[in-house]
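In terms of the numbering used here, the sequence shown opens at residue 593 and continues consecutively.
Using N, Cα and C, we set each Cβ at its ideal position, and we do this for glycine too.
Keep in mind that this is a model prediction, so the values were computed, not measured.
Working notes, structure below.
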Amino acid sequence: CKNMIWSPSPLSASLHPNRINHHYHAAHRSLFSLFIFLLIQSSSSSKEQQPWLSGIKTPLPLVSKTRVSHDTQRYRFALTPSSNDNIDNAIADKEKNPPLPASSRNMLGISTCSCILVSSPNDPSIVRPYTPISNRNEKGTFELLVKTYPKGLMGNKFEKLSIGDSLLFWQIKKNIKIQYPFGNPKTIIMLAAGTGITPMFQALSRLFDDNSKKNGATNKRTKVILLYGSRTKSDIYLHSEMEQMKQRYSDRLEIVYCLSNQQKADRAMVEKEVNMDKEEFTNSMVFHHGHIDKDVISHFCKGAIDSDNIAAGECLVWVCGPPSFYESHCGPREEEDVTGVLKELGFRKDQVVKF
Numbered sequence: 593c594k595n596m597i598w599s600p601s602p603l604s605a606s607l608h609p610n611r612i613n614h615h616y617h618a619a620h621r622s623l624f625s626l627f628i629f630l631l632i633q634s635s636s637s638s639k640e641q642q643p644w645l646s647g648i649k650t651p652l653p654l655v656s657k658t659r660v661s662h663d664t665q666r667y668r669f670a671l672t673p674s675s676n677d678n679i680d681n682a683i684a685d686k687e688k689n690p691p692l693p694a695s696s697r698n699m700l701g702i703s704t705c706s707c708i709l710v711s712s713p714n715d716p717s718i719v720r721p722y723t724p725i726s727n728r729n730e731k732g733t734f735e736l737l738v739k740t741y742p743k744g745l746m747g748n749k750f751e752k753l754s755i756g757d758s759l760l761f762w763q764i765k766k767n768i769k770i771q772y773p774f775g776n777p778k779t780i781i782m783l784a785a786g787t788g789i790t791p792m793f794q795a796l797s798r799l800f801d802d803n804s805k806k807n808g809a810t811n812k813r814t815k816v817i818l819l820y821g822s823r824t825k826s827d828i829y830l831h832s833e834m835e836q837m838k839q840r841y842s843d844r845l846e847i848v849y850c851l852s853n854q855q856k857a858d859r860a861m862v863e864k865e866v867n868m869d870k871e872e873f874t875n876s877m878v879f880h881h882g883h884i885d886k887d888v889i890s891h892f893c894k895g896a897i898d899s900d901n902i903a904a905g906e907c908l909v910w911v912c913g914p915p916s917f918y919e920s921h922c923g924p925r926e927e928e929d930v931t932g933v934l935k936e937l938g939f940r941k942d943q944v945v946k947f
């Protein structure tokens, strides 16, 4: 017995502390590698489900359209390519306009703020950018607000769409604008005209999201002053949704509706012309009869455009509207330099966002 030399059995050797430690780290590395692989696969799968985010022109079918004024409609599209049999079957009966199948769980997936390009399969040479007005977390569909001008090429294609017809959608890097939380400035002044309200509404929906805690809100500081230019009350889009936001966040959101074509109209005539229930426009709504100009901005944004705030970069101005709106307020959209009213007020080009 004295001459016997003990040697560890395979089992006891495998239980040696150093070996246990080695196996632990090996398993840890394997789990980490598996996690990264699944993360990449998930991202890849997401891109495959949302090809429009990769710049792939994707046909998506119209599932509903709702007129909001004589020349403007809300168009809702399904987030499943129109070649999908489930969608084809769902929209086959155009008279009943059935809802999107519950099996579709895609989200549009674009960031705030950004837009998406649209063209017609029959005429791909005509391309226009549009900013969705639907909630960014909405599943299965998304919605656009589109105005049809008499000679508008893309707007008229929207106008002629029937339920089940498809348009092509995709996004490129240029479509991604200033991103939430927007640098957390003290104040954002939004100057919008007509359907130029859509990028502003997209940002407002993120800033004043009731589910902000669940959706990772990181900007609870910024105050917004929106000056929204329309011809008449009937041309004010999304006012119901925005007024609800204002009621919930009255300490951070102010909205002034500027009516350019009713400046000299008698108020009784205004109500008669609009022909809407008075309940449509609450007493809390603030109206100004006239265009958005330097005096209007100075009056309604007096505290925000204080020279100290501008110098400190605590105030941003966002602009969106027709070409003439850019010209008078900040200069052409495609030019970085700031001219017009905003330059007169002292704003630099790094403080002005042209959508």
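So what's I755 in DSSP terms, helix, strand or just coil? Against the sequence shown, residue 755 aligns to sequence position 163. In the three-state scheme derived from DSSP, where H, G and I count as helix and E and B as strand, I755 is classed as coil.
Cβ shell of P799 (< 7 Å), same chain only, five flanking positions each side left out: Counting from one through the sequence shown, the residue named residue 799 turns up at place 207. One point to set straight first is that residue 799 is Leu, not Pro, in the sequence displayed. The residues N811, T814 and V816, in chain order, have a CB closer than 7 Å to that of L799 in the same chain once the five nearest residues on each side in sequence are set aside.
Do you know how far the Cα of S656 is from the Cα of H662? What you label residue 662 is simply residue 70 of the sequence shown in a count that begins at 1. What you label residue 656 is simply residue 64 of the sequence shown in a count that begins at 1. Cα to Cα, H662 sits roughly 17 Å from S656.
Assign S695 to one of three DSSP states: helix, strand, or coil. As a position in the sequence shown, residue 695 is number 103, starting the count at 1. In this predicted model, S695 has a pLDDT of only 37, less than 50, meaning its place in the structure is not dependable; the value taken from the coordinates is given anyway. In the structure shown, S695 sits in coil (DSSP, three-state: anything other than H, G, I, E or B).
Is the region 706-726 touching the region 754-765, taking contact as three or more C-beta pairs under 8 Å? The region 706-726 is in contact with the region 754-765.
Within a Cβ cutoff of 6 Å, which residues of the same chain sit near S920, ignoring the five residues on either side of it in sequence? As a working mapping, residue 920 is identified with position 328 in the sequence shown. Excluding the 5 residues flanking it on each side, S920 has same chain C-beta neighbours closer than 6 Å at G932, in chain order.
Pairwise C-alpha distance: L654 and G732: What you label residue 732 is simply residue 140 of the sequence shown in a count that begins at 1. What you label residue 654 is simply residue 62 of the sequence shown in a count that begins at 1. The alpha-carbon atoms of G732 and L654 are separated by roughly 12 Å.
Nearest CA to the CA of S726: which residue from P673, S703, L753 and D827? Locating residue 726 in the sequence shown gives position 134, where the first residue counts as 1. Minimum Cα distance to S726 is reached at S703.
Which whole-angstrom value describes the C-beta separation of M699 and R720, a residue pair presumed to lie in contact below a C-beta threshold of 8 Å? The count along the sequence shown starts at 1 and reaches residue 699 at position 107. The count along the sequence shown starts at 1 and reaches residue 720 at position 128. The Cβ separation is near 22 Å, so there is no contact.
Would you give the residue range spanned by the beta strand (DSSP E) that K657 belongs to? What you label residue 657 is simply residue 65 of the sequence shown in a count that begins at 1. Counting along the chain, the beta strand (DSSP E) containing K657 begins and ends at T650 to S661.
Return the chain-ordered list of same chain residues with a C-beta closer than 7 Å to the C-beta of Y918, the five sequence neighbours on each side being excluded. Your numbering for residue 918 matches position 326 in the sequence shown. Counting only Cβ-Cβ distances below 7 Å, and skipping sequence neighbours, we find V911, P924, R925 and K946.
Let me know the secondary structure DSSP gives I789 once reduced to three states. Residue numbering aside, residue 789 sits at position 197 when the sequence shown is read from its first letter. DSSP places I789 in helix when its eight states are reduced to three.
Boundaries of the alpha helix (DSSP H) in which A903 is found, first to last residue: The count along the sequence shown starts at 1 and reaches residue 903 at position 311. Here the alpha helix (DSSP H) through A903 covers S899 to A903.
Do I847 and V888 have their beta-carbon atoms positioned less than 8 Å apart in this structure? Counted from its first residue, the sequence shown places residue 888 at position 296. Counted from its first residue, the sequence shown places residue 847 at position 255. Contact flag unset, no.
Is K825 closer than 8 Å to L851 when the C-beta atoms are compared? In the sequence shown, counting from the first residue as 1, residue 851 sits at position 259. In the sequence shown, counting from the first residue as 1, residue 825 sits at position 233. Against a cut-off of 8 Å, the Cβ pair of K825 and L851 comes out as a contact.
Exposed or buried, which one is Q771 when buried takes at least 16 other CB atoms within 10 Å? Residue 771 sits at position 179 when you count from the first residue of the sequence shown. With fewer than 16 Cβ atoms within 10 Å of its Cβ, Q771 is classed as exposed.
Return yes when the Cβ of L908 is within less than 8 Å of the Cβ of F750, no when it is not. Along the sequence shown, one-based indexing puts residue 750 at 158. Along the sequence shown, one-based indexing puts residue 908 at 316. No, they are not a contact pair.
Considering only residues of the same chain and omitting the five flanking positions on each side of C893, which have a CB-CB separation below 6 Å? What you label residue 893 is simply residue 301 of the sequence shown in a count that begins at 1. I781 and I817.
Determine the DSSP secondary structure at H921, reduced to helix, strand or coil. As a first step, residue 921 is located in the sequence shown; it is residue number 329 there, counting from the start. If DSSP states are grouped into helix, strand and coil, H921 belongs with the helices.
May I ask you to report which of helix, strand or coil DSSP gives I725? Stepping through the sequence shown from its first residue, residue 725 is reached at position 133. I725 falls in the coil class under three-state DSSP.
Use the C-beta contact count for D929: other C-beta atoms within 10 angstroms, 16 or more gives buried, fewer gives exposed. Residue numbering aside, residue 929 sits at position 337 when the sequence shown is read from its first letter. Taking all protein chains in view, the Cβ of D929 is surrounded by fewer than 16 other Cβ atoms within 10 Å, so the residue is classified as exposed.
I believe E835 touches S876 by the beta-carbon criterion, under 8 Å. Please report the beta-carbon distance rounded to the nearest angstrom. Here residue 835 refers to the residue found at position 243 when the sequence shown is read from its first residue. Here residue 876 refers to the residue found at position 284 when the sequence shown is read from its first residue. Confirmed, Cβ separation roughly 7 Å.
Cα-Cα, which of D900, F734 and T664 is closest to P949? No answer is possible for residue 949: the residues shown for the chain start at 593 and end at 947.
Got a sec? Which residues, its chain only, sit under 7 Å from T658 by beta carbon, not counting five neighbours each side? As a first step, residue 658 must be located in the sequence shown, where it is residue number 66. Hits under 7 Å: Q665 and R666.
Where does Q854 land, buried or exposed, given buried means 16+ other C-beta within 10 angstroms? As a first step, residue 854 is located in the sequence shown; it is residue number 262 there, counting from the start. Counting Cβ neighbours within 10 Å, Q854 comes out buried, since at least 16 surround it.
Can you give me the C-alpha to C-alpha distance between N767 and S758, rounded to a whole angstrom? Residue mapping note: residue 767 aligns to position 175 of the sequence shown, counting from 1. Residue mapping note: residue 758 aligns to position 166 of the sequence shown, counting from 1. So the alpha carbons of these two residues sit roughly 21 Å apart.
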